[in-house]
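Q: Here's a structure for you.
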Amino acid sequence: MPITTKLTGAFVIGFDGDDHVIYPNGEVVYQRDTILFVGHGYDQPVDQTIDAGQAIISPGFIDLDALADIDHAILDTWNPPHLDSGLQWSERYFEQRRDVFTLEEEIFKRRYALTQLILNGITTAMPIAAETYKGWCESYEEFAAVVDIAGELGLRMYLGPSYRAGINVVRNDGSRTVLWEEALGEQGLDDAIRFVQDFDGAHDGLIRGCLLPCRIETVTPVLLRRTKQAADELGCHIRLHALQSLVELRLLRQWYDKTPLELLQELEMLGPRLLIPHGIYIGGHSDTGEPYRGDLALLADTGTSIIHCPLTSVRYGHALDSFDRYRAAGVNLALGTDSFPPDLIRGMDYGNNIAKLVTGDKSAGSAADYIRAATLGGAQALGRDDLGRLAPGAKADIIIVDLSKLRAGPMDDPIRTLLMNCGGADVRTVIINGRTVMQNGEIPGVDVAQMKADGQRYF
Numbered sequence: 264m265p266i267t268t269k270l271t272g273a274f275v276i277g278f279d280g281d282d283h284v285i286y287p288n289g290e291v292v293y294q295r296d297t298i299l300f301v302g303h304g305y306d307q308p309v310d311q312t313i314d315a316g317q318a319i320i321s322p323g324f325i326d327l328d329a330l331a332d333i334d335h336a337i338l339d340t341w342n343p344p345h346l347d348s349g350l351q352w353s354e355r356y357f358e359q360r361r362d363v364f365t366l367e368e369e370i371f372k373r374r375y376a377l378t379q380l381i382l383n384g385i386t387t388a389m390p391i392a393a394e395t396y397k398g399w400c401e402s403y404e405e406f407a408a409v410v411d412i413a414g415e416l417g418l419r420m421y422l423g424p425s426y427r428a429g430i431n432v433v434r435n436d437g438s439r440t441v442l443w444e445e446a447l448g449e450q451g452l453d454d455a456i457r458f459v460q461d462f463d464g465a466h467d468g469l470i471r472g473c474l475l476p477c478r479i480e481t482v483t484p485v486l487l488r489r490t491k492q493a494a495d496e497l498g499c500h501i502r503l504h505a506l507q508s509l510v511e512l513r514l515l516r517q518w519y520d521k522t523p524l525e526l527l528q529e530l531e532m533l534g535p536r537l538l539i540p541h542g543i544y545i546g547g548h549s550d551t552g553e554p555y556r557g558d559l560a561l562l563a564d565t566g567t568s569i570i571h572c573p574l575t576s577v578r579y580g581h582a583l584d585s586f587d588r589y590r591a592a593g594v595n596l597a598l599g600t601d602s603f604p605p606d607l608i609r610g611m612d613y614g615n616n617i618a619k620l621v622t623g624d625k626s627a628g629s630a631a632d633y634i635r636a637a638t639l640g641g642a643q644a645l646g647r648d649d650l651g652r653l654a655p656g657a658k659a660d661i662i663i664v665d666l667s668k669l670r671a672g673p674m675d676d677p678i679r680t681l682l683m684n685c686g687g688a689d690v691r692t693v694i695i696n697g698r699t700v701m702q703n704g705e706i707p708g709v710d711v712a713q714m715k716a717d718g719q720r721y722f
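Take any residue in the sequence shown, note its place counting from 1, add 263, and you have its number in the working numbering.
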C-alpha cells in the first residue's frame, strides 16, 4: 500500500489556484509523487506525520540556468579591465583547442554540481556549464551519464548537450570576434536530437529532453532554424542565451543589421517554448544605444520567458532594468543560478536589492515576486501546471527551510525573512516526486568530505 505522509510546519506556502498563499501552522499531505491536500485540518488517515517545527514548507525551487559546474563565475568576475578577456579563447588556442578534462573528470564535476543543487533546495533544474575547457562543446556521452546521476540523486531535470557553430575569441589587438566550425554545430544538434529521443521521460518522467544551443552569437541562423524545426517535431523546449552582452549586440548588428530580438523574431523562434537566460540588453536599456521598440511587449505577446540570473548579473556588474518593469509588461520571469554557489535564496535577495538600486524604489523587486519567479515562473516557462506550487494534484516537490536557528533572526513576514536572513544552508529537507532526497541536510550516499576534497583537486 502507498504511504501517505503529512508534513506540518510554522508556515506552509500553498497555492489557491491563482497565487501562493501562506498557511500559518499549515499541513501538506502527499502520497507517492502527488500532493493530496494543503491547508488546515486534514481529517483522513495518514501513515506518518512529520512536524517541521519553526520552518517554511515551500514548493521546491525551479532553476532554469542551473549551475552544473564547479568554477562558474568565480575566476572571471574580479578581473581589472586590462585582464578582462584573460579567460577567453585566443585565435591561436582556437586552432589548438582540446578537452582539458577526461570524461570521468567531467562526470565527477556533474555529480558535484547536481549535489549542490539539491543542497540548496532546487528540485527542478536545467543545467548550464562553461565550455571553456572543452575541445568544442558538451557531448552525448557526458549527458547520458548525467541522466544516471540525476536518477540516482532523484533530481528532476531538463537535459540536453549544448551545441554551437562558433566560439567567441579575442584577437591579438584585444578586439572580440567569433570563429566558426559550422559542421560541428550541425553535428552537435544531431547529437542533441538523438539525446532527446533516447532519454525524454527517463526515470519515471524525472528527465525531460530539451535543446540547448549555447549563445545567439555562436549559432548561425541556419542552425537556429533547424533547432526550431527539431523542437517543434520533438515537442520540447529551447533555451538560448541572448540579450546577454553588449559584444553580442554589436556582433549581430555588424553581421545582420539586427538586434538579437529582431533576429529571433525573423527566425520565428519566439514563443512559449523558448527560454532566454539573462534578457538584459533590450532596446531602451541605457547601455545599448538602441531605442525602445516594444521589446517587452513582444516577449509578453509571444509568451517567451526570460530566465533572470541576479547573482550572475551583479557579479559581472550588470542589472535587469528592471524586474518590475518586465513583470508589469506581462513578461514571464523565471530564475537561474548560473554561478557558484547555486544558492537561489541568496540570488533572490541580490535581485531584490538590485531592483531597489536600479529603480530607487524600496518596494521594487518584492520578496513575494521573487518567490513567484523561483516557483510559478519556472513552472510556466516549462509549461507545467503541476510544478512550482503546493496544491492537490501537483507533484510532491517540497522543501523545508529551517527558521529555528539564531542566525535566522526575528520573524517578520516569513517570505521576507527567508530572503533577507536565510540562505541555501538553511534548507533542511528536500522531497522530489515524493522521494526524500535530502533529510536534515544530508543526501543519502553522498560522502561530503570526499566530494569536497575531490572538488578541490578538480578545481
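Heads up, the beta-carbon is just placed ideally off N, CA and C, and yes, glycines get one too.
Quick caveat: nothing in here was measured; it's all calculated off a predicted structure.
Under 8 Å, with one C-beta from each stretch per pair, do the stretch 532-546 and the stretch 566-574 reach the 3-pair mark?
A: They touch, by the three-pair rule.
Q: Rounded to whole angstroms, how far is the Cβ of Phe357 from the Cβ of Ile430, which I believe are closer than 8 Å?
A: Taking the first residue of the sequence shown as position 1, residue 357 is located at position 94. Taking the first residue of the sequence shown as position 1, residue 430 is located at position 167. Their Cβ separation, rounded to whole angstroms, is 6 Å, which keeps Phe357 and Ile430 in contact under 8 Å.
Q: Measuring alpha carbon to alpha carbon, tell me which residue in Gln460, Leu506, Arg513 is nearest Ala499.
A: Looking up residue 499 in the sequence shown gives position 236. As written in the sequence, residue 499 is Cys, which differs from the Ala given in the question. Among Gln460, Leu506, Arg513, the Cα nearest to that of Cys499 is on Gln460.
Q: Looking at Glu405: is its Cβ nearer than 8 Å to the Cβ of Ile370?
A: Taking the sequence shown and counting its residues from 1, the one referred to as residue 405 is at position 142. Taking the sequence shown and counting its residues from 1, the one referred to as residue 370 is at position 107. Yes; because the gap between Cβ atoms is below 8 Å, this pair is in contact.
Q: Cα separation between Leu469 and Pro343?
A: Within the sequence shown, residue 469 is the residue found at index 206, counting from 1. Within the sequence shown, residue 343 is the residue found at index 80, counting from 1. Cα to Cα, the separation comes out at about 43 Å.
Q: Which whole-angstrom value describes the C-beta separation of Arg419 and Thr387, a residue pair presumed to lie in contact below a C-beta threshold of 8 Å?
A: Within the sequence shown, residue 419 is the residue found at index 156, counting from 1. Within the sequence shown, residue 387 is the residue found at index 124, counting from 1. Contact holds; Cβ gap of about 4 Å.
Q: Does the Cβ-Cβ distance between Trp352 and Val482 come in under 8 Å?
A: The count along the sequence shown starts at 1 and reaches residue 352 at position 89. The count along the sequence shown starts at 1 and reaches residue 482 at position 219. It is not a contact, given that the beta carbons lie outside the stated cut-off.
Q: What is the DSSP secondary structure of Gly448, reduced to helix, strand or coil?
A: Here the question's residue 448 lines up with position 185 in the sequence shown. Three-state DSSP puts Gly448 in a helix.
Q: Unbroken alpha helix (DSSP H) runs of length 4 or more, entirely within the stretch 361-422: which are they?
A: You should have 366-382, 403-416.
Q: Should the stretch 371-387 be regarded as contacting the stretch 321-335, the criterion being three or more beta carbon pairs within less than 8 Å?
A: In short, these stretches touch, since the Cβ pair count reaches three.
Q: Let me check understanding here. Comparing Cα to Cα, which of Leu515, Gly641, Ala331 lies closest to Pro322?
A: As a position in the sequence shown, residue 322 is number 59, starting the count at 1. The shortest C-alpha separation from Pro322 is found at Gly641.
Q: So which of Asp558, Ile381, Tyr305 has the shortest CA-CA distance to Glu705?
A: If you number the sequence shown from 1, residue 705 lands on position 442. For the residues Asp558, Ile381, Tyr305, the minimum Cα distance to Glu705 belongs to Ile381.
Q: Residues in the same chain with beta-carbon distance under 6 Å from Trp399, minus the five sequence neighbours each way, listed in chain order, please.
A: Along the sequence shown, one-based indexing puts residue 399 at 136. Same-chain partners within the cutoff: Leu447.
Q: Is the stretch 649-661 close to the stretch 621-631, with three or more CB pairs under 8 Å?
A: They do not touch, by the three-pair rule.
Q: When the Cβ atoms of the stretch 540-557 are set against those of the stretch 581-588, are three or more pairs found closer than 8 Å?
A: Result yes; three or more Cβ-Cβ pairs closer than 8 Å.
Q: Using only the alpha-carbon positions, how far apart do Gln507 and Arg478 sit?
A: Reading the sequence shown from its first residue, position 244 is the one you call residue 507. Reading the sequence shown from its first residue, position 215 is the one you call residue 478. Cα-Cα distance, rounded: 9 Å.
Q: With distances taken from CA atoms, which of Glu480, Gln359, Gln643, Gln379 is nearest Val510?
A: Your numbering for residue 510 matches position 247 in the sequence shown. Comparing Cα positions, the closest option is Glu480.
Q: For Ser438, which of Glu445, Leu514, Ala597 has the nearest alpha-carbon?
A: By 1-based counting over the sequence shown, the position of residue 438 is 175. Ranking the options by Cα distance to Ser438, first place goes to Leu514.
Q: Using DSSP with H/G/I as helix, E/B as strand and the rest coil, what is Gln306?
A: Translated into positions along the sequence shown, residue 306 becomes position 43. According to the sequence shown, residue 306 is Asp rather than Gln. Three-state result, Asp306: coil.
Q: Between Arg516 and the rest of its own chain, which residues show a CB-CB distance below 8 Å, the 5 nearest in sequence each way excluded?
A: What you label residue 516 is simply residue 253 of the sequence shown in a count that begins at 1. Same-chain partners within the cutoff: Thr522.
Q: Let me know if Pro424 comes out buried or exposed under the rule of 16 or more other beta-carbons within 10 Å of its beta-carbon.
A: As a first step, residue 424 must be located in the sequence shown, where it is residue number 161. That one is buried.
Q: Going by the beta-carbon positions, is the gap between Val309 and Val291 smaller than 8 Å?
A: What you label residue 309 is simply residue 46 of the sequence shown in a count that begins at 1. What you label residue 291 is simply residue 28 of the sequence shown in a count that begins at 1. For Val309 and Val291, no; Cβs fall outside 8 Å.
Q: Can you tell which of His466, Glu449, Pro604, Ser602 has its C-alpha closest to the C-alpha of Arg698?
A: As a position in the sequence shown, residue 698 is number 435, starting the count at 1. Checking every option, the nearest Cα to that of Arg698 belongs to His466.
Q: Taking 8 Å as the threshold, find out whether the stretch 670-685 comes into contact with the stretch 332-340 through three or more Cβ pairs.
A: No contact exists between the stretch 670-685 and the stretch 332-340.
Q: Give me, in chain order, the residues of the same chain whose beta-carbon lies closer than 8 Å to that of Asp667; leave out the 5 immediate sequence neighbours on both sides.
A: To locate residue 667, count along the sequence shown from 1; it is residue 404. Reading off the sequence shown, one finds Ser at residue 667, where the question assumed Asp. Once the five neighbours on either side are set aside, the close Cβ partners of Ser667 are Gly316, Gln317, Ala318.
Q: Label Met264 either buried or exposed according to how many other C-beta atoms from any shown protein chain fall within 10 Å of its C-beta, with 16 as the threshold for buried.
A: Locating residue 264 in the sequence shown gives position 1, where the first residue counts as 1. Classification for Met264: exposed.
Q: Taking the Cβ atom as the reference point for each residue, do Ile662 and Val711 lie within a distance shorter than 8 Å?
A: Taking the first residue of the sequence shown as 1, we reach residue 662 at position 399. Taking the first residue of the sequence shown as 1, we reach residue 711 at position 448. No, the pair does not count as a contact, with Cβ atoms beyond the cut-off.
Q: Tell me which residues share the same chain as Leu574 and place their Cβ nearer than 6 Å to its Cβ, disregarding the 5 neighbours each side in the sequence.
A: The residue you call residue 574 lines up with position 311 of the sequence shown. Cβ neighbours of Leu574 beyond the five flanking positions: Ser602, Gly610, Tyr613.
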